[in-house]
Structure formats: C-alpha cells, structure tokens
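Okay, structure first, notes after.
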Amino acid sequence: MRFAHWLKRGVVALAASALVLTGSPGPAKACTQLWIPDAYTADANTWYAGRVEDWACRYLKIFGVEPAHENGWTYTSYENWDSNGFTWTSEGPTYRYTYARDHSGQWLDEDNGGVPQFEAYSAAGINEKGVSCSATLSMYPRDTVSDVDPFNEDSGIGEYNYASIILGESPTAREGVQLIGSLVEEHGAYSSDQILINDSTESWLLCVCSGHQWFAVQLPEDMASINPNMGLYFDVDLSDPNVLHSKNIVDEATLTDADGTCILQHKEDGTPDVMLTYFDPDSLGSASRFLIGRQYFGALDGVDYTLDETTHKVTSLRNALMFFVPGRSDYTTFDAIRALAARGSGDLDANEYSALTGVGRDDSAETHIFEIHRGQDPRVATVQWTALSRDEFSVAIPTYSALLTDVNWRYGKLDMDPTHIGENFYDRDNADVKTAMQAGEWDNYLPFVMIDLNDLAYNNRANVATGLRAYLDAVQQALVEEHAQVGAHLTSLPEDQWEKFATDAANAAAECTWVKCEGVLQEVREYLAGDQSEPFVASDYDAETGGLVSELGYAASVIPEEKPDPEPPVEPGTASSAIAVAGTYGDVVTGATASLDDVSALLTDEERARLEEGHDFSLILTVNELDEATVASGEVSALTKLAKNPTGIDYLDLALTLRETDADGNECNSRAISELTDPLTITLALHEGLKAPSNTTRAFSVLSVHDLEAQDHEATYKSAEHTVTFSASRFSTYAVAHKDTTKKDTAQKAPATTSTNRKSSSRTPETGDPLTNNTTIIAIVGAGALALAVGCGLRFASKKE
453 MRFAHWLKRG VVALAASALV LTGSPGPAKA CTQLWIPDAY TADANTWYAG
503 RVEDWACRYL KIFGVEPAHE NGWTYTSYEN WDSNGFTWTS EGPTYRYTYA
553 RDHSGQWLDE DNGGVPQFEA YSAAGINEKG VSCSATLSMY PRDTVSDVDP
603 FNEDSGIGEY NYASIILGES PTAREGVQLI GSLVEEHGAY SSDQILINDS
653 TESWLLCVCS GHQWFAVQLP EDMASINPNM GLYFDVDLSD PNVLHSKNIV
703 DEATLTDADG TCILQHKEDG TPDVMLTYFD PDSLGSASRF LIGRQYFGAL
753 DGVDYTLDET THKVTSLRNA LMFFVPGRSD YTTFDAIRAL AARGSGDLDA
803 NEYSALTGVG RDDSAETHIF EIHRGQDPRV ATVQWTALSR DEFSVAIPTY
853 SALLTDVNWR YGKLDMDPTH IGENFYDRDN ADVKTAMQAG EWDNYLPFVM
903 IDLNDLAYNN RANVATGLRA YLDAVQQALV EEHAQVGAHL TSLPEDQWEK
953 FATDAANAAA ECTWVKCEGV LQEVREYLAG DQSEPFVASD YDAETGGLVS
1003 ELGYAASVIP EEKPDPEPPV EPGTASSAIA VAGTYGDVVT GATASLDDVS
1053 ALLTDEERAR LEEGHDFSLI LTVNELDEAT VASGEVSALT KLAKNPTGID
1103 YLDLALTLRE TDADGNECNS RAISELTDPL TITLALHEGL KAPSNTTRAF
1153 SVLSVHDLEA QDHEATYKSA EHTVTFSASR FSTYAVAHKD TTKKDTAQKA
1203 PATTSTNRKS SSRTPETGDP LTNNTTIIAI VGAGALALAV GCGLRFASKK
1253 E
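The numbering of the sequence shown is the working numbering, which starts it at 453 and goes up by one.
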C-alpha cells in the first residue's frame, strides 16, 4: 500500500493529526495478493488473481471508467505531496479502463490551493484490450538496499500511477511489465511494490526491488500463492526467458555501498539469489495473515512457526515460501472471493485472538478478484469482481470491465460528498458504529453501504456477524451463479452488441446487489437499535436452503426471456368422405363401396373442436353375411312379405362406425352411427352364384327392416358389373332379394316392363340409372376385410330357393 502523509489527507486530516499527536501509530501498510492457477480450479480453463487493499476502515474507494484519451496524455503523481513529482506523457492515444480509485477529497494539491486530485491509486481495473492490473502489494526491502540504490521519493514512479499507466498504455500484460520496468529505470521508483498484471494468456508478478531495479516472473501454473507483503521467498531464475528484469539487478558494482560492501546474495549453486539480496523472507510483519491464508487453502504443512501460548501472537516463522500446492483442486469464484476475507480457525482464529490478523481485516479499503478464462476473446476473458470495502462483510460485484463505457451511479463519483466517512475513519471502537448507524442519502451508494455493514458487523461480531455473513454469502452465490448465465448470453451475441450488453449487465449487477445490501443494512440498524436477545437473521435469508427468499434478479433483468419457438400452426384434421368397408363375405357379397358427401355433419361440437386440433375422422361400413337362422323370425317375415314371394333372399348385417384418430395417427375414439340425416350410397358387388341362369331374367331388390317395419331401398342393378346400388340412412338387418322370370315369360308380359314400380319390376336395370342422393365419394374394401367398428348393425340372413 501507499507511503502517504495523512496530515494532508483533506477531509480526514484532523483525525490523522490527532493520532500523531497522541502517539498512536498510523495504519500499517498491509495488502494481500492471491493467485490460484487453473490447475486448482473447478473450471480447468479459469484462474484467479486478486488482492485486498488495506489502509483504513472507512476509506472511500470509487469504481469507475477512465475514458480513452488522445495523443499526449500526461500522468502526474501527488504521492510525494509535491506538484513537481513524477510526470510522464504518453506518446500515443490511451486505452479506456476501469478503476477502483481513491476519492478525490482524500488527495489535495496543497501547493495550488487544495485542488482535489482525481487519478490517485487506481488500484484495480481492466482496459479495453483485456489487460488487468492489481496495484500494489507493498514490499519491505532490507535496510542495506537503500544504501546502494535509494528510492526516488521526489519524482519516482509509484503506486499512485502504476495501474493507470499500465491500463492506459498496455495492449498485453508483457508490454505492461516492460513499460513499468523502463519507467523505473528511467525515473526511479518511489517505493518497493509488487504488481499483478494479467491478460487472457498469462499472468505476471512485477517486483520493484529498489530505486531502479526490478524483475518480473510469469506466475506458475502448478502452484498457488497468498502473499501478505512479506517478501516471501521464491526462486528467481534470471536465465529463464519468462523472467524479465532490469539490466543491473545483480550487478555487483550497483549493489556495492560506499564502504565497499556488496549486498549481493548467492544460492548454493553460486548463482545470484535475487529475493535474498533484496528481501528478508523471515519477516514477521504479516506472519499471522500468511498463516491464516495458508490455513484457508489447507497448505500449512511444512511451514515452521510458533505461537505465544497466551496471546497466540506469531513468535517465529520459517520456510515461509511464496508458492505452495493447495489442499484442493476445485476452487471456485466464490472460494477465491472469500479467501480475501479469511479469519482463521482453531489456534489461528483472528476472531478469538486479537494478536492475530486475518486476511480479512478491519482496515481494508477494497478487494478485487480477476476471474480469467483461458482461450476466450480478451474483451470477455476476464471478469472483475469488486467489493468497495472490507471483504469480510461485503459482496463483490461482477463486471466485464474491458467492455464497460460507464458504471451504475450507485458506485458514487470521485467528487461525491464524503461526509459519511466520519471523523474517526480507522478507529475500531463505537465511534465507527455510531457513524454506521446513521441512515441518510449516503445509503444510496454502494461504498457507504458496504463500509457501514462492515463496521456494524465487525463491532458486533457476537450477535450480528454470523447471520449477516450467511445472508451476504447467499447474495454472493446468487451473483456468481447468475453471472455465469449473463456471460453465456453475452458471448452468444454478435460482437457489435457486446459493449452495450456488458454495460447494461454491470448496471444490473450493481443495482440488484445494492437492493439486497441496503435492505439488510437497514435491518441490522433496526436490530442493533432494538431487541438483541436473539442473533441477527436477515428476513430475506432462507435458512433451510442457505439461499435467498426472493430472487436476486440480476440475470433475469438483462437476459431477454427465452421464448420458445412458436409452435407450428396446428393443421386441422380431416373428416374424410372416403368410407372404408369391412365385413365377412360368403356366397352373397364379394365386396362393397360406400360414399357420403359431408362426414363432418356427423360430428358433435366436441368432435369438431378436436378436428381443429388435428384429429381425423372417418367412417367404416361393416357388411356381414347372415344365416337366416340368426335373424329374428319377425324380421324374416317382414322382409319376405315385402319381397313378394322372391325366388331367393339373402340376409346381411350393415353397421356404420365413426372412427377418430389423434394427430399421431393413433385411434382414440369410435362410436356407432345408427341413423343419418343424409343417406349413404352403398354399392354391393354380388357373388357370381347370384347371376341369373340362362334364359332367365333376374331382378334384385335391397330391403331393410327396422322395428319390424320393412323398407324397399329401390336398388339399381347393373348386370355388367353385377352390382346393386342403393341408399341407406339407417343400419340394421338388410336383405338382397331376387325374383326370376323366364325370357318366355318376359316376352308374354312385355308391357309390364314399362312399370315405374321397381318393387314389382322384372326388367333388367340399365347402366347409369340415377341414384336417390347427391353423394360422391367411394371407398372400396375387398372381400375378407375385418370390421373395426362397433355400433348398430343391419343384419341380413339368406333364404335360397
């Protein structure tokens, strides 16, 4: 973190000066970096890099977008409180990038009337090329280093500008490393720092070791790290092409002081040891934070440390290596975010032992995680998760920062009213609680909401912390899950829509998070002002599921509701006028056909509705020959009487069935049709045995009987086809009767052939005699077809002479 003189911190100057006067120490510089390669993540193509920035409890950080600038943009630093400090002008246009920047009121140009500064400590962001940067992790070189290569505290480059220059100027991570290295060598460095620089293909750790010396290594893909600015040891192989460094980093002349003492350290093999030369790996400055971080990742094995038996303060530490193999290989985005809030457990429980400092601590100003996806377009490969206060009781909000053109107003502005910071901005007593308990218009802004939640929970840990954290975890998990949906939708869009969608999504994520967090902040305030006999539980928390009672709504607010493809219009079914004929034939009938003009007229209202839904309807005429013995005697008498002494009479059963099939062709219903309004036209093909003998004229008639009342259907006989055609509107027992006359008889009775009474006519009908109805459609079924229908039957029996 920063080397800054708080006596000139604008709105917070009074509080800081009071601390100095009473002899109280200012806040310690203590950030923590995180690195989890994709070898240890749930998604094999995703890795995480991030940091928690420490400075003060109620320190105001603003998330925003720095626009691109034309040629000649000048970067200026007020880190040394001198307007003549570091200045550098870009030769070309700059890139747009996001930042988590100090509020302008915390940096004033005192030499020019206290003008607020708007570019201080960009801390974390992603530029439009997909390069991400986290700056910085303060380092503590050996005292001997400043003797040989002192820092340039007058005009050297430092963390005030690191992130802005890297993100504003670098199209790749490697080029960002090279640019900062060249500026350190040219201008000198203000302080010793580590910087994380990433793109979609690699992650670099840049270390500024002294006034003009630096090196950078690609972070390993087989080991993780949680690094609380301790100068943790790792091997630096300067011969590796993936290690970049200043020219004189191990030059003996450069590293020799005025007394002739060379501070260069060597490894056992005699090669220069960069880390031992510049840093003390056994520093106890943030030892407990290091141990709690290792504990979070299940990687304490091999670390040699001791604790005071009473206070649990770390009293010794050895083998504190920078990189380690974590205890799991399935770390998620949620795990990475929560790692920066780790408070330890057991002997390393920072909530139990005040001598211990957790990774999550009360004076953090913001936290961020870069979720980086290998192989994706650089503009969408990295998600920035940002929490604008301490991570322990905050929620990190996701953004596709490379695509952002603006941010939600709830993040606040660099010149917003900072009054709610309060006077005692890094005290850990009830002064923080008093300020955090005050509701006001500041509750509309995410930084103040997160700051107040942390103050209230940290200072009321026993009855608020557990319930509040459970709820914030539910919100965080919902954000992680829904952001996966948002990301999938984003990459499915045409690229020219990415920018707008990503900006809209970032707005929605911020708004939905504010709704949840501001709501629970009001509940915590009400709880602390009232009955505290039971631990705090958020009303929106579902204890059974560990989730939210009401949905977050982030994904749903930006992803258009997926409407299924419209169902193709349902083709109405058919009411076929083609009539199937089935039956059992013998020596009377060899086949039949039937037709009806309008089958749909037979349908009920319900059947008509199903017809529109695609069901089909058809008729089946069943013709079965009957033996006279099976026909009721009353029916036989009525039919014989009407036939008037026929030469022969044969009996049939005629039945008509309406069959229904669904859209898939499966039969689903059938019902018998006993009577028609419009008659059916039926043609029967007669057996050859019914042809007239030689020298004989044979006349055929078709009769039926219903309720013992016989009817003549005035059939038409076609001798050439040997068929009879007739109309039928009711279905029961039918008879085909014939009467023979010899040709001699016919000649003697010639005048009778002119009779119009077909019942007694002995003439041979002519082809084409008219039918008695207007039907047109014919269906023919051959002999031997089986009946499928049920219904009222017309039965014919046979009587032959």
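Virtual Cβ for every residue (Gly too), placed ideally from N, Cα, C.
Just so it is clear, the structure is predicted and the values come from calculations on it, not from any experiment.
DSSP three-state call for residue i: helix, strand or coil?
i: Pro899; result: helix
i: Tyr910; result: helix
i: Gln558; result: helix
i: His664; result: coil
i: Ala417; result: This structure does not reach residue 417, given that the chain is present from 453 up to 1253, and the question cannot be answered.
i: Ala1189; result: strand
i: Asn1226; result: Any reading at Asn1226 must be qualified, since the residue scores a pLDDT of 34, below 50, and its modelled position is unreliable; the value itself is stated next. Looking at Asn1226 - three-state DSSP - the assignment turns out to be coil, as it is neither helix nor strand.
i: Phe822; result: strand
i: Leu696; result: strand
i: Gly1220; result: For Gly1220, the predicted structure reports a pLDDT of 37, less than 50, and the residue's modelled location is therefore unreliable. The matter cannot be settled from this model.
i: Arg770; result: strand
i: His764; result: coil
i: Ala917; result: helix
i: Cys483; result: coil
i: Phe686; result: coil
i: Asp1107; result: Position check: residue 1107 holds Ala in this sequence, whereas Asp was assumed. Correct three-state label for Ala1107: strand.
i: Tyr852; result: coil
i: Tyr783; result: strand
i: Gly750; result: coil
i: Trp861; result: helix
i: Ser841; result: coil
i: Gln836; result: strand
Please name the residue or residues paired with residue i in a DSSP beta bridge.
i: Ile488; result: Tyr500
i: Glu947; result: In DSSP, Glu947 forms no bridge with anything.
i: Asp1068; result: Thr1113
i: Phe1178; result: Ile1134
i: Arg553; result: Ile514
i: Asn650; result: Ser584, Ser655
i: Ser644; result: Answer is none; Ser644 lacks a bridge partner.
i: Val669; result: Leu657, Val695
i: Asp1102; result: Val1188
i: His718; result: Pro724
i: Trp540; result: Tyr527
i: Ile678; result: Leu486
i: Ile1125; result: Leu1108
Should residue i be flagged as near chain B, meaning a C-beta pair shorter than 7 Å?
i: Asn1118; result: Judged by its chain identifiers, the structure shown contains no chain B, having just a single protein chain.
Which whole-angstrom value is the C-beta distance of residue i and residue j, which I expect to be below 8 Å?
i: Ala751; j: Gly779; result: 6 Å
i: Ser1047; j: Ile1031; result: 6 Å
i: Gln984; j: Asn915; result: 6 Å
i: Pro1255; j: Ala676; result: Because the chain here runs from 453 to 1253, residue 1255 falls outside it and cannot be looked at.
i: Leu1094; j: Ala1162; result: 4 Å
i: Ser859; j: Gly516; result: Sequence check: residue 859 is Val here, not Ser. Going by Cβ atoms, the distance from Val859 to Gly516 rounds to 6 Å, so yes, they are a contact pair.
i: Leu619; j: Tyr527; result: With a Cβ gap of about 11 Å, Leu619 and Tyr527 do not count as contacting.
i: Cys661; j: Tyr730; result: 4 Å
i: Leu980; j: Leu908; result: 6 Å
i: Ala833; j: Gln937; result: Going by Cβ atoms, the distance from Ala833 to Gln937 rounds to 18 Å, so no, they are not a contact pair.
Is residue i near the ligand NAP, in the sense that its beta carbon is under 6 Å from a heavy atom of that ligand?
i: Leu512; result: The model on display carries no ligand, and the ligand NAP is accordingly not part of it.
TODO: Within the segment 1147-1174, note down every full alpha helix (DSSP H) run reaching 4 residues or more, in order along the chain.
DONE: none
Open item on the list: With three or more beta-carbon pairs closer than 8 Å as the criterion, would you say the segment 570-586 touches the segment 724-734?
Closed with: no
Open item on the list: Counting beta carbon pairs with one atom in the segment 791-799 and one in the segment 731-748, are three or more of them shorter than 8 Å?
Closed with: yes
Open item on the list: Between the segment 1125-1138 and the segment 1164-1180, can you find at least three pairs of beta-carbon atoms closer than 8 Å?
Closed with: yes
Open item on the list: Closer than 8 Å is the cut-off here; do at least three beta carbon pairs connect the segment 804-815 with the segment 952-965?
Closed with: no
TODO: Determine contact between the segment 603-613 and the segment 524-540, defined as no fewer than three beta-carbon pairs at a distance below 8 Å.
DONE: yes
Open item on the list: Can you confirm whether the segment 1120-1127 touches the segment 1103-1110 when touching is taken to mean that 3 or more C-beta pairs between the two stretches lie within less than 8 Å?
Closed with: yes
Open item on the list: Whether or not the segment 847-867 and the segment 566-584 are in contact is what I'm after, with contact meaning three or more pairs of Cβ atoms, one per stretch, closer than 8 Å; do they touch?
Closed with: yes
Task: the segment 554-561 touching the segment 500-516, judged by at least three CB pairs closer than 8 Å - done: yes
Open item on the list: Using a Cβ distance threshold of 8 Å, determine whether the segment 812-832 contacts the segment 482-497, with at least three qualifying pairs required.
Closed with: yes
Task: 3 or more residues per run - each beta strand (DSSP E) lying fully within the segment 566-618 - done: 576-578, 584-590
TODO: Entirely within the segment 1021-1099 and at least 3 residues each: give me those beta strand (DSSP E) ranges in chain order.
DONE: 1027-1036, 1041-1047, 1068-1079
- [ ] Specify whether the segment 600-607 and the segment 629-644 touch according to this definition: at least 3 beta carbon pairs, one from each stretch, less than 8 Å apart.
- [x] yes
TODO: Report yes or no: do three or more beta-carbon pairs, one from the segment 658-668 and one from the segment 618-638, lie closer than 8 Å?
DONE: yes
Open item on the list: With three or more C-beta pairs closer than 8 Å as the rule, is the segment 911-931 touching the segment 983-997?
Closed with: yes
Open item on the list: In chain order, what are the residue ranges of uninterrupted alpha helix (DSSP H) at least 4 long that sit wholly in the segment 976-1013?
Closed with: 1006-1010
Open item on the list: Below 8 Å, how does it come out for the segment 1041-1061 and the segment 1143-1157: are there three or more Cβ pairs, yes or no?
Closed with: no
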